[in-house]
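Each residue of the sequence shown is one higher than the one before, starting from -1 at the first, in the numbering used here. Think of the CB as a built atom: it goes at the ideal place given N, C-alpha and C, for glycine as much as any other residue. None of these values were measured; they are calculated from a predicted model. Worksheet for the structure shown next.
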Amino acid sequence: MSAAGHSLFIADLHLSPALPRATALFKQFLRDAAPQAAALYILGDLFEAWVGDDDLDLPFHLDIAQALAELPRQGVRVYLMHGNRDFLLGERFLHAAGASLLNDPQLLDIHGRPTLLSHGDAFCTDDHRYQAFRRQVREPAWQAAFLAKPYAERRQMAQALREQSEQEKAGKAMAIMDVNTEAVATALRAHGYPRLIHGHTHRPARHVHEVDGQRCERWVLPDWYEGGGYVRCDAAGCAAFTLD
Ligand code: LP5
Ligand code: MN
-1 MSAAGHSLFI ADLHLSPALP RATALFKQFL RDAAPQAAAL YILGDLFEAW
49 VGDDDLDLPF HLDIAQALAE LPRQGVRVYL MHGNRDFLLG ERFLHAAGAS
99 LLNDPQLLDI HGRPTLLSHG DAFCTDDHRY QAFRRQVREP AWQAAFLAKP
149 YAERRQMAQA LREQSEQEKA GKAMAIMDVN TEAVATALRA HGYPRLIHGH
199 THRPARHVHE VDGQRCERWV LPDWYEGGGY VRCDAAGCAA FTLD
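Below is the structure:
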């Protein structure tokens, strides 16, 4: 990755036909800010829920993929990471959007600085019920069995799970749903004390972690429920921008 230019980072757009404002804001972002960048990194939860690539048959989803695909045509590379809502985004979507899939976490050189990218949910290690659920649904065998079900049944299951998730979150302490500082420190240590950028918690901020005497920046991306935003990084560093 070259040191020239700048890159943009977004996450947690939760796009769905039910949130036309977020969709309009995203399309404006794709027209205005994104074409100036060398690369756009989407760090999970682009969609509210993705139950398999036949979700691309919905005109709403296809339209988003096609809007994204304009970027590579303008010379902007598009990278996508799975979130907890859209970990079933697959090859068909990536091809339609002109995007490349990233691992979670993924260490990259971003304009000359080692940077660890993640959705962020894996750092929420105090949320034991969520982590058990995550392990289950990230199993290839579970995913194959789920994807073998009819589309309507998968949509129903996703809806039931969303309701259960909202109910359970109402009873979870805020601290449990934030990242665990030790989990963050372990990841920073394992990757040579890079800068970290993630989403998921919907608590946009710039934190500084001191790990083994090394200072590491941690940028948390905003969600797009009411307005949106992104982090922009170049060779000099990162900055956060709000959209509304
Ligand atoms: O998403 P968010 O931010 O509201 O909450 C998350 C955690 N919840 C989830 C669940 C998603 O919201 C639902 C995703 C639907 C789309 C996926 C479709 C494909 C799979 C369909 C599977 C049926 O990720 C929430 C965290 C919160 O972040 C903060 O980090 O707390 O976690 C939960 O609420 C999970 C519950 O605590 C445990 C749920 C156990 C469910 C057990 C039923 C298993 C069903 C699967 C097999 C039939
Ligand atoms: Mn998330």
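- With the criterion CB distance below 5 angstroms from any heavy atom of the ligand MN, the matching residues run 43, 81, 82, 198 along the chain.
- Residue 156 has its Cβ nearer than 6 angstroms to a heavy atom of the ligand LP5.
- Of the candidates 91, 166, 59, 59 places its Cα closest to the Cα of residue 25.
- Here the stretch 163 to 170 makes no contact with the stretch 189 to 196; the two share fewer than three CB pairs at distances below 8 angstroms.
- Nearest to residue 28 by alpha-carbon distance, out of 56, 65, 18, 11, is 65.
- Remark: C-beta atoms of residue 37 and residue 5 approach each other more closely than 7 angstroms.
- An exposed status is given to residue 206, since fewer than 16 other beta-carbon atoms sit within 10 Å of its beta-carbon.
- Just measuring C-alpha positions, the residue of 181, 148, 162, 176 sitting nearest residue 50 is 148.
- Less than 7 angstroms separates the beta-carbon of residue 35 from that of residue 74.
- Counting every other CB atom within 10 Å of its CB across the protein chains shown gives residue 119 a total of 16 or more, marking it as buried.
- For the pair residue 78 and residue 99, the CB atoms are nearer than the 7 angstroms cut-off.
- In this structure, DSSP gives residue 15 a state outside helix and strand, which the three-state scheme calls coil.
- Just so you know, the alpha carbons of residue 198 and residue 223 end up roughly 13 angstroms apart.
- The Cβ-Cβ distance between residue 221 and residue 174 does not fall below 7 angstroms.
- Remark: the shortest separation between the CB of residue 214 and any heavy atom of the ligand LP5 does not fall under 6 angstroms.
- A residue is called buried when at least 16 other Cβ atoms come within 10 angstroms of its Cβ; residue 102 meets this threshold and is buried.
- Relative to the ligand LP5, the beta carbon of residue 182 is positioned no closer than 6 angstroms to any heavy atom.
- Separation of residue 137 and residue 97 (C-alpha to C-alpha, rounded to the nearest whole angstrom) is 23 angstroms.
- Within the stretch 172 to 230, the runs of beta strand (DSSP E) at least 3 residues long that lie entirely inside it are, in chain order, 193 to 196, 203 to 209, 212 to 218.
- In the same chain as residue 123, and ignoring 5 residues on each side of it, the C-beta atoms closer than 7 angstroms to its own belong to 129, 178, 181, in chain order.
- The ligand LP5 never approaches residue 218 closely enough for any of its heavy atoms to be under 6 angstroms from the residue's Cβ.
- A distance below 8 angstroms between beta-carbons, with the five flanking residues on each side excluded, links residue 127 to the following residues of its chain, in chain order: 166.
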